[in-house]
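Since the structure comes first, as structure tokens, the remarks are kept for the end.
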Amino acid sequence: CCNFIDPEMSGIGYGFGVRVGADYQFDSIVVGIAGDWMFSDYLADNDDPVEATYLNMANFGTLRGRVGWADDRTLIYATAGLAAAEMEFGALVGPSSVNDSEVQWAYGWTIGGGFEHAITDSLSVGLEYLYVSLPDTNHFLTDGMGVSGTVNMKYEDMHTVRASLNYRFSL
Numbered sequence: 002c003c004n005f006i007d008p009e010m011s012g013i014g015y016g017f018g019v020r021v022g023a024d025y026q027f028d029s030i031v032v033g034i035a036g037d038w039m040f041s042d043y044l045a046d047n048d049d050p051v052e053a054t055y056l057n058m059a060n061f062g063t064l065r066g067r068v069g070w071a072d073d074r075t076l077i078y079a080t081a082g083l084a085a086a087e088m089e090f091g092a093l094v095g096p097s098s099v100n101d102s103e104v105q106w107a108y109g110w111t112i113g114g115g116f117e118h119a120i121t122d123s124l125s126v127g128l129e130y131l132y133v134s135l136p137d138t139n140h141f142l143t144d145g146m147g148v149s150g151t152v153n154m155k156y157e158d159m160h161t162v163r164a165s166l167n168y169r170f171s172l
């Protein structure tokens, strides 16, 4: 039937998750790999009464490499890798038109940096910034009356800041 126009959406969210990885230190140089998974409550929507849309991100994960410089008990690092997000897009367009939603996975990339400070030999705290780029996706929406359409979702770049409490197992 139709191609709907994406109105501007904005939102904010929070999440919690787990990270598993391994680091190797050579003098002051640290290299590592990590995978993380975040259960999030991120919701973006608009206030358009004609084309009401929303985007909900329930899950978000990355698989990244990192390289950094360790000085005493502090590590400063850069990181980059793959990103994946489970996105639910929904729309209510017109008074008797599309009222539907669709869940899709979006796969992209991420780059960022951060620092960690060791409180003990096993416990550290950290702060990390990630820039995330996800590709545009097409969502096919329909309602019970047969009205349907395709929405091209253009994901804006995502910026995340994470605080962490880390426990290191000695092997």
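If you read the sequence shown in the numbering used here, its first letter stands for residue 2, the second for the next number, and so on. Where is the CB? At the ideal position from N, CA and C, for every residue including glycine.
For residue i, the residue or residues it bridges with in DSSP
i	result
A71	L76
T111	G82, V133
T63	D37, A84
Where the beta strand (DSSP E) through residue i begins and ends
i	result
T161	159 to 168
D37	30 to 46
T143	138 to 143
Y132	124 to 134
Within 7 angstroms, strictly: CB atoms of residue i and residue j
i	j	result
Y15	D42	yes
I30	G22	no
G1	G127	Since the displayed the chain opens at 2 and closes at 172, residue 1 lies outside it and no answer follows.
S123	E117	no
H140	F90	yes
A92	T121	no
A85	M58	no
E129	R163	yes
Nearest-angstrom Cα separation, counted from residue j out to residue i
i	j	result
N4	T151	Low per-residue confidence applies at N4: pLDDT is 41, beneath 50, and the placement is therefore not dependable, though the value from the model is reported in the following sentence. Using only the alpha carbons, I get a separation of about 5 angstroms.
D37	G18	7 angstroms
S171	D24	11 angstroms
A119	T143	52 angstroms
T80	S102	34 angstroms
L56	I112	23 angstroms
T161	D28	30 angstroms
Y132	R74	26 angstroms
A107	G82	14 angstroms
Q105	D72	42 angstroms
T63	Q26	22 angstroms
L76	M39	23 angstroms
R1	M159	Nothing can be reported for residue 1, as the shown portion of the chain is limited to 2 through 172.
D1	M88	Any property of residue 1 remains undetermined from this structure, which presents the chain solely from 2 to 172.
W110	G69	20 angstroms
R65	Y78	12 angstroms
L135	L44	16 angstroms
Residue burial classification, residue i (beta-carbon count within 10 angstroms, cutoff 16)
i	result
E157	exposed
R67	buried
L166	exposed
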